[in-house]
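Each protein sequence line maps, in turn, to chains A and B. Numbering that gives the first Met the number 0 numbers the first residue of the first sequence as 0 and each following residue consecutively. Numbering that gives the first Met the number 0 numbers the first residue of the second sequence as 0 and each following residue consecutively.
2 protein chains.
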Amino acid sequence: MKTSIIAVGTELLFGQTVNTNASYLSENLNLMGFDVMYHFVVGDNPNRLREKLADAFKDTDLVLLTGGLGPTQDDLTKEIVAEYMGADLYRDEKVVEDLKAFFEKRGGHMADNNLKQAYLPVGCTPLYNASGTAPGFALEKNGKIAICFPGPPRELKWLFENGGRQYLEQFMEKKMYYRVIRTIGIGESDLETLLMPLIDGQTDPTIATYAKEGECTLRVASQRDTLEEARSATEDMIARIDDLAGKYIYSYDDEELDEVVVRLLREKHLTITAAESCTGGMFASAITNVAGASDILKASFVTYSIEAKHKLVGVPYEIIDSYGVVSPETAEAMAAGAMSSFGADIGISVTGFAGPDADPGHNAGEAYIGYAYKDRSGYVPVNTSRNIRNWNRNYFKLRMLRTVYQILKGEL
Amino acid sequence: MKTSIIAVGTELLFGQTVNTNASYLSENLNLMGFDVMYHFVVGDNPNRLREKLADAFKDTDLVLLTGGLGPTQDDLTKEIVAEYMGADLYRDEKVVEDLKAFFEKRGGHMADNNLKQAYLPVGCTPLYNASGTAPGFALEKNGKIAICFPGPPRELKWLFENGGRQYLEQFMEKKMYYRVIRTIGIGESDLETLLMPLIDGQTDPTIATYAKEGECTLRVASQRDTLEEARSATEDMIARIDDLAGKYIYSYDDEELDEVVVRLLREKHLTITAAESCTGGMFASAITNVAGASDILKASFVTYSIEAKHKLVGVPYEIIDSYGVVSPETAEAMAAGAMSSFGADIGISVTGFAGPDADPGHNAGEAYIGYAYKDRSGYVPVNTSRNIRNWNRNYFKLRMLRTVYQILKGEL
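Following this line, the structure appears as structure tokens:
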């Protein structure tokens, strides 16, 4: 079904807000088999919205709108859509009750203008909103469908997942199943080349790759007559991907690498301590961003200077003098020292040049990840060939996480 | 001048790419006094682009287009715009030379299809692109103006700043000057209330507030007949803002708080060491993200557990037992220990509940920032009243940075 998305809000035209709602809806609609042909952005202006709504319905049968459903005078999306579709408004008593409960729970008084949100077009399918005050709705007339969602991205997402998606499923000819696979350690074009035998000429399941800073994500999606067929086709394809690229995969369920690492460490009852040079705390920060990290990370070190590498994690000055501060030997000594200094099960370290500067004979982007676990220790060399400080730091952190992942999987 | 922005690219309609180009252009165009009325997104499809170009020119006189200028068959923006404006294409020899130089520099062979990029509409103002291979251009006919930019955000920004902006200045009736002020420690609505005497009824300079996670940014902009007048009006207004809200301002030049703190520490030749509990290394990571941080941060500690607080930065167990691990006393002892354990000039610490859990009698969002500097020490209580782990952690980090800023300014 041909589809347009109209975002309503002057803040978008001022450039204060980026239209992430259109991307979010587009991604989901495409996955469901809808053909998104246009995005429009229009300010809080009734005439211009009326005009763009007509433009959108001229070429497409399904129009999703975001924004302009709130309680203020500016909020006109519902009124314009109802008028365009020739529907009156009625007062929806469930919304009135929801609004009262919402304000009571917060111990506040409900200003009268909030009741504006309780009016919906006659004949619509209400999309009740438990994540905010403004409900959405879907309205169909003569084969044309308008669906209105609130503008705040959190509310839009909630309402799409809890009403919007279910409403749209009736227009899907097939059932859809998909999974998102996360990889690290291989670039997007290399991954595509590796999977070319599966991607080439493949119509269902589809395999889409997305590059993200230092990582690459794969989405495997199938649309079939039944959900079971779609699921089975997806799982078969994932098994074939696993055969070709399994060693780069760290999640089959769209988890972040830090979440996977924390989960595995907790499952194995292992603790970890890091000694970070150029990442300056990013590894420890990533680990502790996951709730429950206190079980596995008790302490960690930022050893930015040579003195700190010696004093805090006991790297002998002779190693630094002999091999250099950015070297496999220093990285290994840092990891071993991080492990023993606090009695952790695993020690992990990084020493490198994030940029813009590097010592003579080295380049920005060169780093060594050191690790120590029980009687094993070693290092992983990294060289991004880039001189972008933030990018390198983030990539080094990801490689530290991946190194821990590989230890936990018995690959190192 | 009424303006539309058309982004061309199927990846936008798939939701793989967010249309940040439209926000970037909108923000800049609004600041220059152009009235952005619509955004459109259309795929790499000649008929649909032709139609939306006509729609845009129906209501607006200036249309900026992004994307579709590359060397492939898909890239059709230039051809459609030239056709719509009734212009033929000519081969621009400067672009040919630029392309040859571009590929020579990279030691690669130039595929023939790259020459497609050297053709531009007759009568256009070329926008030569030193940041990539595809040039942009501006084309005016009968009072209608189309300006085409490449799609990659980095190239778009470069070309807007190095050609696009200068071309557009001829249509500005006035000269514009603006500055961006950064504040922390006050919410957006409180800041607006504080500045209401200046904002209310003010037409030039304008004051716009933007909330960002835990921070608030102010943009003061003036448009006058001469640049000097605009500059002077802006500076006068900034002085008045300073009188009312000076204590919340940390940058008058749109700098990040971590950059300001690193700059001030380097200017004063001071070193700093942190002891971080719930932020888990975010403070050290923010400081070391700024190039040159090695002068001021030698080492730092992530003291996540009670044991780490004792062993690494010497917090007496009696303090933790008497006052609790999340308390002003523990925060101060952590800061003093961080300072003395590595001989830094300043010690900074945080202990708190990021969420989702908190000890009985406490709530997520409660934290204490400790500091120690020479013979001074103290703490700053923080309570966000939110239970959003990532938000709290980031806010605690900002408050640590602000505390250091206040020490350096003699306010603590």
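Backbone N, C-alpha and C fix where the C-beta goes; we use that ideal spot for every residue, glycine too. Just so we're clear, the structure is a prediction, and the values are computed from it rather than from any experiment.
query: C-alpha distance - M399(B) paired with H268(B), whole-angstrom precision; result: 19 Å
query: Rounded C-alpha distance that separates D111(B) from P149(B); result: 19 Å
query: Three-state secondary structure (DSSP) of S340(A); result: helix
query: Neighbour list for L307(B) in chain A, Cβ cutoff strictly below 8 Å; result: First, the residue type needs correcting, since residue 307(B) is Ala and not Leu in the sequence shown. Neighbours of A307(B) on chain A, chain order: K297, A298 and F341.
query: Exposed unless 16 or more other CB atoms sit within 10 angstroms - verdict on N391(B); result: buried
query: Supposed contact pair L88(B) and P120(B) - C-beta distance, whole angstroms, cut 8 Å; result: 6 Å
query: Members of the segment 137-148 of chain B that neighbour chain A once the beta carbon cut-off is set at 7 Å; result: none
query: Expected contact under 8 Å - CB spacing of A238(B) and D203(B) to nearest Å; result: Actually they do not touch by this definition, with Cβ atoms about 16 Å apart.
query: Span separating the alpha-carbon of Q405(B) from that of I248(B); result: 11 Å
query: Beta-carbon proximity list for F413(A), same chain, < 8 Å, skipping 5 on both sides; result: With chain A represented from 0 up to 411, any question about residue 413(A) goes unanswered, as that position is not in the structure.
query: Test: K51(B) CB closer than 9 Å to a CB of chain A; result: yes
query: Span of the beta strand (DSSP E), counted from its first residue to its last, around D34(A); result: D34 to V41
query: Local Cβ density within 10 Å of D199(B), reported as buried at 16 or more and exposed below that; result: exposed
query: First through last residue of the beta strand (DSSP E) which encompasses K174(B); result: K174 to I183
query: Y37(A) vs G14(B) beta-carbon contact at 9 Å; result: no
query: Cβ of Q15(A) within 9 Å of any chain B Cβ; result: yes
query: Contact check, Y367(B) vs A330(B), beta carbons under 9 Å; result: yes
query: Complete beta strand (DSSP E) runs within the segment 96-134 of chain B (minimum length 3 residues, chain order); result: 118-120 and 124-126
query: Integer Cβ distance of F56(B) from K143(B), believed to fall under 8 Å; result: 6 Å
query: Start-to-end residues for the beta strand (DSSP E) that takes in A283(B); result: Looking at the DSSP string, A283(B) is not in any beta strand (DSSP E); the run it does join, the alpha helix (DSSP H), is M281 to T287.
query: Extent of the continuous alpha helix (DSSP H) run through E234(B); result: L226 to A244
query: Contacts around A343(A), its chain only, beta-carbon distance under 6 Å, and the 5 residues preceding and following it disregarded; result: T270, I271 and T272
query: Cross-chain neighbours of D54(B) in chain A, by beta carbon under 8 Å; result: D54
query: Close beta carbons around T2(A), own chain, < 8 Å, minus the five adjacent residues each side; result: L28, F33, D34, V35, M36, T59, D60, L61, V62 and L63
query: Pairwise C-alpha distance: I206(B) and Y394(A); result: 39 Å
query: Positions along the segment 70-86 of chain A whose CB lies within less than 9 Å of some CB in chain B; result: none
query: Alpha helix (DSSP H) segment containing L88(B), residue limits; result: No alpha helix (DSSP H) holds L88(B); the beta strand (DSSP E) holding it covers L88 to R90.
query: Inter-residue spacing [alpha-carbon to alpha-carbon] between R358(A) and L167(A); result: Here residue 358(A) is Asp; the residue named in the question, Arg, does not match the sequence. Distance between the alpha carbons of D358(A) and L167(A) is about 58 Å.
query: Strand pairing of S3(A), partner residues [DSSP]; result: Y37(A) and V62(A)
query: Short CB-CB distance (under 9 Å) between A21(B) and chain A; result: yes
query: Coil, strand or helix - G163(A) by DSSP; result: helix
query: As assigned by DSSP and simplified to three states, the class of A273(B); result: strand
query: Coil, strand or helix - F136(A) by DSSP; result: strand
query: P152(B) vs T9(B) beta-carbon contact at 9 Å; result: no
query: CB contact below 9 Å: S293(A) versus chain B; result: yes
query: Three-way DSSP call (helix, strand, coil) for R223(B) in this model; result: strand
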